[in-house]
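What follows is a set of notes on a single structure, which appears directly below.
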Amino acid sequence: MATNQGRHRRPAAPTGGVTLAKAAGVTAVGAALPVLTAGAGYAAAPGVWGKVAACESGGNWSADTGNGYFGGLQFSASTWSAYGGDAYAPTADRASEAEQIGIAQRVLREQGPGAWPVCSVRAGLTRTDGAGGAAPAPAETVKLDDSVKPAKPAPKPAKSAPKSAPESAKSAKPTATTAAKATATRHHTVRSGDTLSGIAQELGVPGGWQPLYAQNRAVVGGDPDLIHPGQHLSWSPAIGSSATAHTLAAVVKPPTGLPGFGRSIIHHHTAADSAYTAPISGHVEISEPYGVPGPWIAGHHTGVDLAVPVGTPVHAVAAGTVVFARWGGDYGNLVKIRHADGDYSLYAHLSVFDVRLGDTVAAGTTIGRSGATGNVTGPHLHFEIDTTDRYGSDVNPVGWLAEHGVTLD
0 MATNQGRHRR PAAPTGGVTL AKAAGVTAVG AALPVLTAGA GYAAAPGVWG KVAACESGGN
60 WSADTGNGYF GGLQFSASTW SAYGGDAYAP TADRASEAEQ IGIAQRVLRE QGPGAWPVCS
120 VRAGLTRTDG AGGAAPAPAE TVKLDDSVKP AKPAPKPAKS APKSAPESAK SAKPTATTAA
180 KATATRHHTV RSGDTLSGIA QELGVPGGWQ PLYAQNRAVV GGDPDLIHPG QHLSWSPAIG
240 SSATAHTLAA VVKPPTGLPG FGRSIIHHHT AADSAYTAPI SGHVEISEPY GVPGPWIAGH
300 HTGVDLAVPV GTPVHAVAAG TVVFARWGGD YGNLVKIRHA DGDYSLYAHL SVFDVRLGDT
360 VAAGTTIGRS GATGNVTGPH LHFEIDTTDR YGSDVNPVGW LAEHGVTLD
């Protein structure tokens with residue numbers, strides 16, 4: 000074992016485990032990770048929302064790591080928009096701390112603390128202590144859905160105007176302007192981590208990714224499973240999904256069943272025809288073996304540290320579904336994959352994500368790049384195998400790979 004290579008910096012004190020979970024709009028930080036403190040350069044906000052942000056993003060109110068969640072409280076773009084965030088900024092990371100808290104209070108009122116299933120527990124967030132007046136509300140205060148953006152305040156009526164509109168006006172049919180907006184073409188610029196299915200949901204495309212692809216085949220090309228950041232996609236309700244049905248029959252292959260069909264990342268496979276593979280290609284040096292006793296939550300080192308430079312491609316060791324892909328406390332940037340046999344593989348301290356929550360991957364898929372994020376002494380990959388979704392159910396990952404015919408050279 001080389002002692003001069005990157006390893007975990009052992010936490011000072013253990014904390015209890017929590018089951019990984021996914022919320023309706025704001026996802027959990029999950030996986031029973033140690034409690035975070037505000038990262039260097041980010042002053043923790045006072046009160047309970049500061050504690051939630053410390054857990055969710057390390058207290059970085061401008062967080063945008065490319066995982067599809069933004070800001071200190073890690074809003075998805077759709078949740079941010081649905082609760083009025085567009086009145087402040089396109090995504091939460093571009094809004095102020097107070098504005099993010101204001102939108103969080105809206106989410107809290109409707110979804111409750113469970114919108115942050117792990118961090119709300121750690122921070123002690125309740126409907127009462129999270130509902131204080133820490134931030135101004137957007138100009139429009141009516142309840143919004145995913146398809147409606149906050150409207151500007153209506154102009155004050157003239158002095159001679161009646162105080163209230165007549166009942167006939169309240170029940171009037173939508174205007175021509177409203178109808179035009181309903182049929183207007185919608186646009187989206189592909190970002191890293193986007194999928195056709197996700198974009199279709201964001202644009203409100205009836206029928207999902209298939210009609211969206213049919214209208215954008217000239218941009219995407221012949222492979223609907225491959226989109227690239229920077230591509231401009233559009234959806235026109237005027238054309239609709241029915242008008243593209245015959246096109247789909249000719250150009251779209253039957254879907255593969257991947258939840259993330261249409262990834263914007265080209266996945267490279269080191270062992271595409273193998274059921275199992277190593278997380279790092281070629282020779283690797285173990286800088287911290289499995290099971291070393293210490294003050295970790297589990298009482299020992301729960302994985303194996305592979306000493307590799309920042310930017311080394313990291314591969315999924317077996318086929319499965321990505322159940323976690325974001326900041327993970329002491330783990331840094333973490334990807335967690337659930338496999339068909341019920342086991343979970345974890346890849347920690349990454350510098351870059353190449354997958355996102357819900358993606359289905361094959362053995363050998365590049366899921367990210369190694370780094371030195373989180374609680375570490377230097378660059379390396381922490382590779383771990385858990386038998387359940389709870390921290391502390393780990394087994395020796397080297398032995399697990401060996402059982403499947405894979406050795407770490």
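If you number the sequence shown the way numbering that gives the first Met the number 0 does, the last residue is 408 and the count never jumps.
No residue lacks a Cβ here, since even glycine has one placed at the ideal position from N, Cα and C.
Only a predicted model underlies this, so the values are computations on that prediction, with no experimental measurement involved.
Runs of beta strand (DSSP E) with 3 or more residues, each lying fully within the region 293-317, are found at 303-306 and 312-314, listed in chain order.
With the rule of 3 Cβ pairs closer than 8 Å, the region 347-355 counts as touching the region 370-378.
When C-alpha distances from A315 are compared across A277, A62, L305 and E284, the shortest belongs to A277. In the structure shown, the three-state DSSP call for V291 is coil. Sorting G57, G58 and S75 by C-alpha distance to the C-alpha of G65 places S75 at the top.
The region 380-392 and the region 354-365 do not touch, with fewer than 3 CB-CB distances between them shorter than 8 Å. Contact between L400 and Y275 holds, since their C-beta atoms are separated by about 7 Å, short of 8 Å.
If you check the CB distance, V322 and R368 do not come in under 8 Å.
The closest CA to that of Y390, considering only K335, V397 and A122, is found on K335. The beta-carbon distance between L124 and V47, rounded to whole angstroms, is 5 Å. This is short enough to meet the 8 Å contact definition.
Of the candidates A52, A130, V307 and P396, A52 places its Cα closest to the Cα of A122. The beta carbon of D92 lies closer than 7 Å to those of S61, A62, D63, F69 and G70 in the same chain, with the five residues before and after it left out. Scanning I238, I296 and G67 for the CA closest to the CA of T194 turns up G67.
Its chain contains I384 and T386 as the residues whose beta carbon lies nearer than 7 Å to that of V394, once the 5 sequence neighbours on both sides are disregarded; these appear in chain order. Within the model, the alpha-carbon separation for Y289 versus L72 is close to 33 Å. Shortest Cα-Cα distance from P228 to any of S235, W234, P236 and V219 involves V219.
For G129, same chain residues with a beta-carbon under 6 Å away, outside a window of 5 residues either side, are V47 and L107 in chain order. Under the three-state reduction of DSSP, Y68 is assigned to strand. For the set T78, A97, D358 and A371, the Cα lying nearest the Cα of A114 is the one of T78. Nearest C-alpha to D358 among H381, G319 and L333: G319. Excluding the 5 residues flanking it on each side, G404 has same chain C-beta neighbours closer than 7 Å at Y275, in chain order.
Around the beta carbon of G398, fewer than 16 other beta carbons lie within 10 angstroms, which makes this residue exposed.
About 6 Å separates the Cβ atoms of V307 and I279, confirming a contact at the 8 Å cut-off.
The alpha carbon of V309 has as its nearest neighbour, out of S95, A371, A339 and G328, the alpha carbon of A371. Cα atoms of W208 and G197: separation of roughly 8 Å, rounded to the nearest angstrom. Under a 10 Å Cβ-count criterion, E109 is classified as exposed, with fewer than 16 other Cβ atoms of the shown protein chains found around its own Cβ.
For the 8 Å CB-CB criterion, G302 and H381 form a contact.
Taking the CA atoms as reference points, V117 sits about 19 Å from Q99. Distance from the CA atom of S119 to the CA atom of G111, rounded to whole angstroms, is 10 Å.
Considered as a whole, the region 325-370 harbours 332-338, 343-349 and 365-368 as its complete beta strand (DSSP E) runs of no fewer than 3 residues, in chain order.
Q104 and R126 have their C-alpha atoms some 9 Å from each other. Partner residues in the beta bridge of D63, as assigned by DSSP, are F69. Comparing alpha carbon positions, the residue from A81, H379 and A362 closest to G331 is H379.
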